[in-house]
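Peer 1: Offset between the sequence shown (1-based) and this note's numbering: plus 3. Please see the structure below; I have some questions.
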Amino acid sequence: MIRFTARVYVVDDQNRIAFLHIKGEDGFGVRNHLESPGGGVELDETFEEAAIREIDEELGASACDFKELGVVIDRYNIINRMTFSVYFSARLSSLHNNHHRTEEETILISSIQWLTPKDALERLKSADSEVDAIVHRRELAAFSALLVDLENRG
4 MIRFTARVYV
14 VDDQNRIAFL
24 HIKGEDGFGV
34 RNHLESPGGG
44 VELDETFEEA
54 AIREIDEELG
64 ASACDFKELG
74 VVIDRYNIIN
84 RMTFSVYFSA
94 RLSSLHNNHH
104 RTEEETILIS
114 SIQWLTPKDA
124 LERLKSADSE
134 VDAIVHRREL
144 AAFSALLVDL
154 ENRG
């Protein structure tokens with residue numbers, strides 16, 4: 004099975020990036036990691052439209068200036084799935100904190116953390132479990148493109 008997802012690094016006016024702190028247990032196992040907001044692309048929805056929706060649902064925010072950073076393809080043998088994730092960067096427009104999370108997201112999203120690029124990079128380089136390592140490896144692949152983009156924007 005292939006799952007198509009959109010993920011977004013939302014950057015605020017202090018150049019901090021929003022991350023979801025995922026903590027708990029699900030079909031993957033025990034989790035305690037950071038990941039970018041994002042999720043599945045729905046029928047008749049573009050990747051960017053999915054990114055916009057996920058920011059609203061998971062962060063309780065809106066964003067602008069979307070820029071595609073690249074694609075990360077993962078194979079998760081534990082659940083027999085391949086994921087095709089399009090990553091974006093975006094600027095925070097507003098934070099309304101009115102989340103529209105699924106039941107599973109409500110359980111697993113422990114907090115939203117706004118991190119400097121340096122702090123985020125440091126956190127993504129460590130992991131408490133195999134699941135955390137898999138997610139952080141995926142995030143690091145895309146996060147490196149974000150760092151180049153932020154540097155080029157000045």
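Positions of the beta carbon are idealized from the N, C-alpha and C atoms, including for glycine.
Please state whether DSSP places A136 in a helix, a strand or coil.
Peer 2: Locating residue 136 in the sequence shown gives position 133, where the first residue counts as 1. Looking at A136 - three-state DSSP - the assignment turns out to be helix.
Peer 1: Could you give the first and the last residue of the continuous alpha helix (DSSP H) run that contains A54?
Peer 2: One-based indexing of the sequence shown puts residue 54 at position 51. First-last of the alpha helix (DSSP H) with A54: 50 to 57.
Peer 1: Starting from D77, trace the beta strand (DSSP E) in both directions and tell me its first and last residue.
Peer 2: Taking the first residue of the sequence shown as position 1, residue 77 is located at position 74. Its beta strand (DSSP E) spans residues 64 to 79.
Peer 1: How many whole angstroms separate the CB atoms of V44 and S92, which I take to be in contact at a CB cut-off of 8 Å?
Peer 2: Residue mapping note: residue 44 aligns to position 41 of the sequence shown, counting from 1. Residue mapping note: residue 92 aligns to position 89 of the sequence shown, counting from 1. About 18 Å; that fails the 8 Å criterion.
Peer 1: Whose C-alpha, out of F50, E60, A53, is nearest the C-alpha of I112?
Peer 2: Counting from 1 along the sequence shown, the entry for residue 112 is found at position 109. Measuring from the Cα of I112, the nearest candidate turns out to be E60.
Peer 1: Cutting at 6 Å between CB atoms, please list the residues of its own chain near R141, excluding the five before and the five after it.
Peer 2: Walking along the sequence shown from the start, residue 141 turns up at place 138. Correct list, in chain order: V75, D77.
Peer 1: Could you tell me whether the stretch 25 to 32 touches the stretch 48 to 66, where touching means 3 or more Cβ pairs closer than 8 Å?
Peer 2: Because the criterion of three Cβ pairs below 8 Å is not met, the stretch 25 to 32 and the stretch 48 to 66 do not touch.
Peer 1: I'd like to check one pair, I137 with F87: are the Cβ atoms closer than 8 Å?
Peer 2: Here residue 87 refers to the residue found at position 84 when the sequence shown is read from its first residue. Here residue 137 refers to the residue found at position 134 when the sequence shown is read from its first residue. The answer is no: Cβ separation not under 8 Å.
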